[in-house]
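S.K.: The structure follows.
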Amino acid sequence: MNSILLAVALALPAAAQNIDFAKMGKEATSVQAALVAMNDGNPVGMLVADAILQSGAMVAFEPMGGRSTIRTGKDGTPIIVLDSALAMTPRVLGPRIAREASKMLLTGMPDSAEKLYMARSIEVRVWLELGGEPRDLPVIDATSGAKDAALASEYKEWLQEKPEMLLYKLGQAAGVDDIPTQQDALRARLQTTFSTPELISERRRQLAAYETANRAFVQFLLEEKQWKEMNGR
Numbered sequence: 004m005n006s007i008l009l010a011v012a013l014a015l016p017a018a019a020q021n022i023d024f025a026k027m028g029k030e031a032t033s034v035q036a037a038l039v040a041m042n043d044g045n046p047v048g049m050l051v052a053d054a055i056l057q058s059g060a061m062v063a064f065e066p067m068g069g070r071s072t073i074r075t076g077k078d079g080t081p082i083i084v085l086d087s088a089l090a091m092t093p094r095v096l097g098p099r100i101a102r103e104a105s106k107m108l109l110t111g112m113p114d115s116a117e118k119l120y121m122a123r124s125i126e127v128r129v130w131l132e133l134g135g136e137p138r139d140l141p142v143i144d145a146t147s148g149a150k151d152a153a154l155a156s157e158y159k160e161w162l163q164e165k166p167e168m169l170l171y172k173l174g175q176a177a178g179v180d181d182i183p184t185q186q187d188a189l190r191a192r193l194q195t196t197f198s199t200p201e202l203i204s205e206r207r208r209q210l211a212a213y214e215t216a217n218r219a220f221v222q223f224l225l226e227e228k229q230w231k232e233m234n235g236r
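Counting along the sequence shown from 1, when you hit position 85 you're at 88 in my numbering, and nothing is skipped either side.
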């Protein structure tokens with residue numbers, strides 16, 4: 004097992020974050036436990052844990068109303084911010100860490116329905132690898148009894164929908180097209196709009212980047228399918 008370097012950082016002054024310093028020890032230990040569990044022979048969890056280790060990302064807690072986010076510190080360090088009201092268990096923290104860490108993992112993907120799908124898949128599979136039980140939803144963690152109806156709805160979508168349908172739904176909800184649609188639009192502009200040689204070169208570079216991203220998504224789906232088969236999903 005790779006060693007996990009965990010730092011719990013405060014991105015803002017404590018007064019601004021309303022962080023309870025007395026709980027920081029517990030929070031640090033809980034995140035450490037979540038990362039170790041994710042890294043313990045779980046393919047997707049190991050991917051996320053390694054991304055956090057390699058990036059030097061830190062984890063902070065503050066009142067977030069159930070949300071999470073990722074920020075960049077003044078020194079460029081990624082800071083994953085979780086809600087301080089969360090139950091401090093791996094099954095609760097792990098997927099939320101994965102949600103934000105996926106933004107680092109998918110930096111090479113253009114904003115697209117595919118990128119949204121990949122992030123959702125990573126998050127839900129981390130939850131399943133940590134022992135999440137679909138039949139218990141909206142209970143996210145049976146040990147603590149933690150419930151989250153909104154999160155449960157998102158997890159059920161991935162569990163029940165075919166990839167192409169969920170891809171479409173996520174794109175529609177976010178107002179972003181899939182990669183082939185973006186490619187077609189760019190090709191049309193290349194053919195019908197007057198362009199300087201420099202602009203033509205840039206658009207061809209963008210088309211090549213789309214091709215690379217599309218191949219990455221196809222490979223992701225293949226690996227996801229294999230994961231589902233191995234895990235009885």
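Even for Gly, the Cβ is constructed at its ideal location relative to N, Cα and C.
Please classify GLU117 as buried or exposed, where buried requires at least 16 neighbouring CB atoms within 10 angstroms.
M.R.: For the purposes of this step, residue 117 is identified with residue 114 of the sequence shown, where counting begins at 1. Looking at its Cβ environment, which holds 16 or more other Cβ atoms inside 10 Å, GLU117 is buried.
S.K.: Going by other Cβ atoms of all chains shown within 10 Å of its Cβ, with 16 needed for buried, is SER204 buried or exposed?
M.R.: The sequence position of residue 204 within the sequence shown is 201, counting from 1. By the neighbour-count rule (16 or more Cβ atoms within 10 Å), SER204 is not buried but exposed.
S.K.: Would you check if the distance between the CB atom of LEU170 and the CB atom of ASP180 is smaller than 8 angstroms?
M.R.: In the sequence shown, residue 170 corresponds to position 167, counting from 1. In the sequence shown, residue 180 corresponds to position 177, counting from 1. Cβ distance not < 8 angstroms, so LEU170 and ASP180 don't count as in contact.
S.K.: Given a threshold of 16 other Cβ atoms within 10 Å of its Cβ, counted over all protein chains shown, does SER156 qualify as buried or as exposed?
M.R.: Walking along the sequence shown from the start, residue 156 turns up at place 153. So SER156 counts as exposed.
S.K.: Would you mind giving the Cβ-Cβ distance between MET67 and VAL84, rounded to the nearest angstrom? I have them listed as a contact below 8 angstroms.
M.R.: Locating residue 67 in the sequence shown gives position 64, where the first residue counts as 1. Locating residue 84 in the sequence shown gives position 81, where the first residue counts as 1. Rounded, the Cβ-Cβ distance is 7 angstroms, consistent with contact.
S.K.: Mind the definition here: the stretch 100 to 107 touches the stretch 115 to 131 only if three or more C-beta pairs lie below 8 angstroms; say whether that holds.
M.R.: The stretch 100 to 107, when compared against the stretch 115 to 131, does touch it at the 8 angstroms Cβ threshold.
S.K.: Use the C-beta contact count for GLN175: other C-beta atoms within 10 angstroms, 16 or more gives buried, fewer gives exposed.
M.R.: Against the sequence shown, residue 175 aligns to sequence position 172. Classification of GLN175: exposed, given that the 10 Å Cβ count is below 16.
S.K.: Could you pull the start and end residues of the alpha helix (DSSP H) that THR80 belongs to?
M.R.: On the sequence shown, residue 80 is found 77 positions in, with the first residue counted as 1. That residue, THR80, is in no alpha helix (DSSP H); it is neither H nor E in DSSP.
S.K.: Which of the three DSSP states, helix, strand or coil, is assigned to ARG70?
M.R.: Numbered from 1 along the sequence shown, position 67 holds the residue referred to as residue 70. Coil at ARG70, not helix or strand.
S.K.: Given this structure, state the Cα-to-Cα distance separating ALA212 from ALA31, to the nearest angstrom.
M.R.: Residue numbering aside, residue 212 sits at position 209 when the sequence shown is read from its first letter. Residue numbering aside, residue 31 sits at position 28 when the sequence shown is read from its first letter. Using only the alpha carbons, I get a separation of about 39 angstroms.
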